[in-house]
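Q: At the far end of the sequence shown sits residue 352, using the working numbering, and the numbering has no gaps.
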Amino acid sequence: MGDTTFEIRFLAEVVKTPSPSGSEDAATTLLATRLKDLGWDTVERDEVGNVVASRGRGQKELILLGHIDTVQGGPQFRLDNGTMHGRGTVDAKGPLCALAVAGALVEVSHEWKVTLIAAVGEEKDSRGARHRVALHCPSACIVGEPTGTDGIALAYRGRVLARLFSKDGGAHRSWSPGPPTAVVLAAAEILREVGINKSACGISSRNSGAVLSMHGEEAMGRSAELFLDIRVAASHTQESLADLAMGICKRHGVSAEILDSVPYHGVNTSDPVVGAIRNALCRSGTRPRLLRKSGTSDFNTVASWGCPMAVYGPGRSELEHTSEEQIETADYIKSIAILERAITNIFHMNRI
């Protein structure tokens, strides 16, 4: 396969256009133009910057949800012998473009409307997906994130983002360790308690935590600030872990606030959208892998839709956010065919 097919040219243009969270305008402008070229009936950018496209006029809505933003940095764009390098190839411009092409190519049933949402801000606060939640009541949803061409994700962990902070008027460290030490001790206890039930099971099945950043100083009094990222497995609610963190901070004399809280979300293996993608994979000669992911995504954000949904997209998730982010163009092309067949399966399912 050459590297000049329209599908690959489309992905290359989108990847070449930087779109770190908060600075997506150039990429969304390009994407809106290219979606019209692909054949989407309507294309617009909404109040927060999402690109929203549609095909069909039916009463049932299938949402194809991806995100256009990326984290900062990454490798320079390069297309070399069937491998495309660049920030977003995996997370998640590759999956987004696969959804966009498949949604443009599929023959839409008269009962259905297909809506593509290229959301902004997923890597920060999910502001794009949050904005769309109240505007739709879909019958089904496919979320585009990297699962590999043979993977279907059924679950993503929740998240609690906490800020710990403390300050005083100053003292000598020899008799008063002060705010930096108090904040570190509180964070250490939180991380220990969050991970207390670690077992041999995979990380996606248990809670975990990590320090995002910390700052402390002693000029004009002493102060310290630390940000914690806690991931929430199915065994807990985000409220229970937030309460745990707040209680520990109180014991250490440290103030805390919860900046963001997203619940765990998972679907059953019997979910109709999971079944539609599984069938598409099997018919292509591919053995499906069912995945439970350790991260958090817009899959969690739109869980309140309560419709059948699953996550699928090309790319090796271990490469996302890394300096080696890259995607095999053959996998990207294959995923488009899988998605086109899966969407057709959804149109013909009596359970949806």
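For each residue, glycine too, the CB sits at the ideal point set by N, CA and C. Values in this document were obtained by computation on a predicted structure and should not be read as measured data.
Does the Cβ of residue 265 have 16 or more other Cβ atoms within 10 Å, making it buried, or fewer, making it exposed?
A: Its Cβ being crowded by 16 or more others within 10 Å, residue 265 is buried.
Q: For residue 81, count neighbouring Cβ atoms within 10 angstroms of its own Cβ and tell me buried if that reaches 16, exposed if not.
A: Residue 81 is exposed by the Cβ-count criterion.
Q: Quick check on residue 216: does DSSP put it in helix, strand or coil?
A: Note: residue 216 maps to strand in three-state DSSP.
Q: Identify, in the order they occur along the chain, each residue of the same chain with its Cβ nearer than 6 Å to the Cβ of residue 272, setting aside the five sequence neighbours on each side.
A: 308, 349, 351, 352, listed in sequence order.
Q: Of the residues 74, 46, 255, 293, which one's Cα is nearest the Cα of residue 162?
A: Of 74, 46, 255, 293, the residue nearest in Cα terms is 255.
Q: Do you know how far the Cα of residue 100 is from the Cα of residue 346?
A: So the two alpha carbons sit approximately 16 Å from each other.
Q: What is the DSSP secondary structure of residue 106, counted as helix, strand or coil?
A: Residue state, collapsed to three classes: coil.
Q: Using CA atoms only, rank isn't needed, just tell me which of 221, 146, 155 is closest to residue 321.
A: The shortest Cα separation from residue 321 among 221, 146, 155 belongs to 146.
Q: Hey, which unbroken runs of the beta strand (DSSP E) at 3 residues or more fall wholly within the segment 58-102?
A: You should have 60-67, 78-80, 83-85.
Q: Please name the residue, chosen from 338, 317, 344, 295, that lies closest to residue 93 on a Cα-to-Cα basis.
A: The residue with the shortest Cα to Cα distance from residue 93 is 317.
Q: Quick one: what does DSSP say residue 8 is sitting in, helix, strand or coil?
A: Three-state result, residue 8: helix.
Q: Would you check if the segment 49-59 and the segment 108-126 touch, i.e. whether three or more CB-CB distances between them fall below 8 Å?
A: The segment 108-126 is in contact with the segment 49-59.
Q: In whole angstroms, give me the CA-to-CA distance for residue 262 and residue 124.
A: For residue 262 and residue 124, the distance between alpha carbons rounds to 12 Å.
Q: Quick check on the DSSP output: the alpha helix (DSSP H) that includes residue 187 runs from which residue to which?
A: Start and end: 178-194.
Q: Please report the distance separating the alpha-carbon of residue 207 from that of residue 248.
A: Residue 207 and residue 248: Cα-Cα distance of roughly 17 Å.
Q: How about the segment 277-297 and the segment 323-333: do they share at least three Cβ pairs that are nearer than 8 Å?
A: The segment 277-297 is not in contact with the segment 323-333.
Q: In three-state DSSP terms, what is residue 274?
A: Residue 274 falls in the helix class under three-state DSSP.
Q: Report buried or exposed for residue 268, applying the criterion of at least 16 other Cβ atoms within 10 angstroms of its Cβ.
A: The residue in question, residue 268, is exposed, as its Cβ has fewer than 16 Cβ neighbours within 10 Å.
Q: Rank 69, 339, 33 by C-alpha distance to the C-alpha of residue 53 and give the top, closest one.
A: Per the Cα distances, 33.
Q: On a CA-only basis, which of 332, 136, 180, 193 is nearest residue 6? Give me that one, please.
A: With distances taken between Cα atoms, residue 6 lies closest to 332.
Q: Mapping DSSP to helix, strand and coil, what is residue 156?
A: It is a strand residue.
Q: Compare the Cα-Cα distances from residue 315 to each of 19, 46, 150 and report the closest residue.
A: Ranking the options by Cα distance to residue 315, first place goes to 150.
Q: So the alpha helix (DSSP H) residue 36 belongs to, where does it begin and stop?
A: Element bounds for residue 36: 25-38.
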